[in-house]
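Let me begin by presenting the structure, written as structure tokens, before commenting on it.
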Amino acid sequence: MSNSDKYCVIMAGGIGSRFWPLSTQKFPKQFQDILGTGRTMIQQTYDRIKKIIPNENIFVITNKEYVSLSHQQLPEVPEENIVGEPLIKNTAACNLYMANKIAEINPNATMIVLPADHLILKEDVFVEKMEVAFDIASKHDYLVTLGIKPTRPDTGYGYIQFVDKKDSEYFKVKTFTEKPILELAQSFLESGDFLWNAGIFIWNVKSIQHAFETYLPEMTQHFMACEYNAESEKSCIEIIYPKVQKISIDNGILEKAKNVYVVPSDLGWSDLGTWTSVYENTEKDENENAVKQKHILTYNASGNIIHVKNTNKAIVVDGLKDFIVVDTEKVLLICPRDHDQLIKDYVLDLKSLKTGEKFI
206 MSNSDKYCVI MAGGIGSRFW PLSTQKFPKQ FQDILGTGRT MIQQTYDRIK
256 KIIPNENIFV ITNKEYVSLS HQQLPEVPEE NIVGEPLIKN TAACNLYMAN
306 KIAEINPNAT MIVLPADHLI LKEDVFVEKM EVAFDIASKH DYLVTLGIKP
356 TRPDTGYGYI QFVDKKDSEY FKVKTFTEKP ILELAQSFLE SGDFLWNAGI
406 FIWNVKSIQH AFETYLPEMT QHFMACEYNA ESEKSCIEII YPKVQKISID
456 NGILEKAKNV YVVPSDLGWS DLGTWTSVYE NTEKDENENA VKQKHILTYN
506 ASGNIIHVKN TNKAIVVDGL KDFIVVDTEK VLLICPRDHD QLIKDYVLDL
556 KSLKTGEKFI
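At position 243 of the sequence shown (counting the first as 1) the number is 448 in the working numbering, and the numbers step up by one without a gap.
In structure tokens, the structure reads:
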């Protein structure tokens, strides 16, 4: 048993449909090396957090389909620490599930919850901010999140408004706003007191359990039926999950709680949620094309992201500007970069076709 009260939960259950066709239901983006670094997204997440948290205190919560894949990619994490959800229920359920599980092991635990598929370029700053957040959350009844200074009025992110105090490392949160319309996002950017919600949370297990009891009492009641041990846990979770509300931790808890604090953090962060975000974080050639593979020739082409899974195939692109070109074994996607938010619609339309499921 570890002597540390610091724990980590890596959330790795998403399908990443905005990142189709590279991210598929059988092999979602968190298990792929998207930027060609030699490590997958979940492996990079583990590499960051292991600097401050011992292996035996690191947990992974994922879909039951991905338990084996998670274990293959993170052999350092104890097999019993990789937990499979029977159904996709958004982020509130998995947060309560893991808080209860960790509290059973160590009732004094303070835990960080991390998405498995985010990019953080400034890892030293990340570690520094984590230490600040752990210190705050372990000493106070606070729900702590990291906030990123916005660089554009992005409608795909949540926004955190904070109450400014001079010379402080953290601030009280005033409001949470999920994915605002463009005009609202623009006003947030101009006001100067809003941060992007990075989806990284730090709290003491007692604090988050109390928050669930207060704001999602029915969910708490469902989970109270389970004992978190190897004999009974899995079968109990299978029974209660169909009854549990499908809601995010942001909507269910953080938008309502009065004890939420934010640590502003310049991490070189991106959620890598879309092909455009990958384009922005990939090295470009002299014509601003993001091209990783060899055997690709471009003529009169600029601002494109070209991703080809078959490295033995030669690709010639002529006259294309600001496009996404993704070629996998089963799918060829060609669409304007500014249509990347429509990729989810492409997937839904394919699902409606009789033979479409095999491409998703």
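Where a beta carbon is used, it is the ideal one built from N, C-alpha and C, also for glycine.
When only Cα atoms are considered, I442 and I510 end up about 42 angstroms apart. When DSSP states are grouped into helix, strand and coil, I442 belongs to the helix group. A distance below 6 angstroms between beta-carbons, with the five flanking residues on each side excluded, links I254 to the following residues of its chain, in chain order: C213. Counted as a single uninterrupted DSSP element, the stretch harbouring Q366 is not any alpha helix (DSSP H) but the beta strand (DSSP E) occupying residues Y364 to V368.
Counting other Cβ atoms within 10 Å of its Cβ, T503 reaches 16 or more and is therefore classed as buried. Counting along the chain, W408 sits inside the beta strand (DSSP E) bounded by residues F399 to N409.
Boundaries of the alpha helix (DSSP H) around T425: P422 to M429. In the structure shown, the three-state DSSP call for V349 is strand.
Straight-line spacing of the CA atoms in K497 and E488 works out to 8 angstroms.
With contacts defined by Cβ atoms closer than 8 angstroms, I458 and A297 form a contacting pair. Within the same chain, Cβ atoms closer than 6 angstroms to the Cβ of C540 are found at I529, the five residues on either side in sequence being excluded. The beta carbon of K211 lies closer than 7 angstroms to those of I257, I258, N262, T315 and F339 in the same chain, with the five residues before and after it left out. Counted as a single uninterrupted DSSP element, the alpha helix (DSSP H) harbouring Y551 occupies residues I548 to S557. Contact between F376 and F367 holds, since their C-beta atoms are separated by about 4 angstroms, short of 8 angstroms.
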